[in-house]
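A quick write-up on the structure given underneath.
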Amino acid sequence: MQQSLPFDPNYYFGLVAENLLKNLGPKALDYADEALSKMKAIGDEEGFDLWLSIHEHLTTIAADSFKTRRTIVH
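The structure is reproduced here in structure tokens:
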């Protein structure tokens with residue numbers, strides 16, 4: 110019998126974040142901010158947590174894009 114693998118939701122949040130960026134570009138973070146506000150306003154804690162994880166992935170991807178890819182000597 111095949112053993113089931115552990116479920117890692119972070120993998121899927123990363124996929125969602127990447128697809129949002131691919132389809133919406135920089136606006137993806139704006140939409141995630143709006144989704145967080147809406148989830149908080151309607152009291153949807155589970156939805157808020159989901160969008161918070163997606164938002165974290167979006168900001169990580171954005172921050173990584175600002176890093177230099179080579180060594181800088183001062």
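Start counting at 1 in the sequence shown, then tack on 109, and there's your number in my numbering. For glycine and all other residues, C-beta sits at the position ideal for the given N, C-alpha and C. In this text the structure is predicted, and so the values were computed from the model without any measurement.
Of all the options the options, which has the alpha carbon lying nearest to the alpha carbon of residue i?
i: V125; options: A172, L159, D173; result: L159
i: M139; options: S174, D173, I163; result: In the sequence under discussion, the amino acid at residue 139 is Asp, which differs from the Met named in the question. The residue with the shortest Cα to Cα distance from D139 is I163.
i: L130; options: A171, F175, A144; result: A171
i: D142; options: N128, L161, G152, Q112; result: L161
Use the C-beta contact count for residue i: other C-beta atoms within 10 angstroms, 16 or more gives buried, fewer gives exposed.
i: L114; result: exposed
i: F122; result: buried
i: L133; result: exposed
i: A150; result: exposed
Which complete alpha helix (DSSP H) runs does the stretch 130-165 hold, if anything under 4 residues is left out? 136-151
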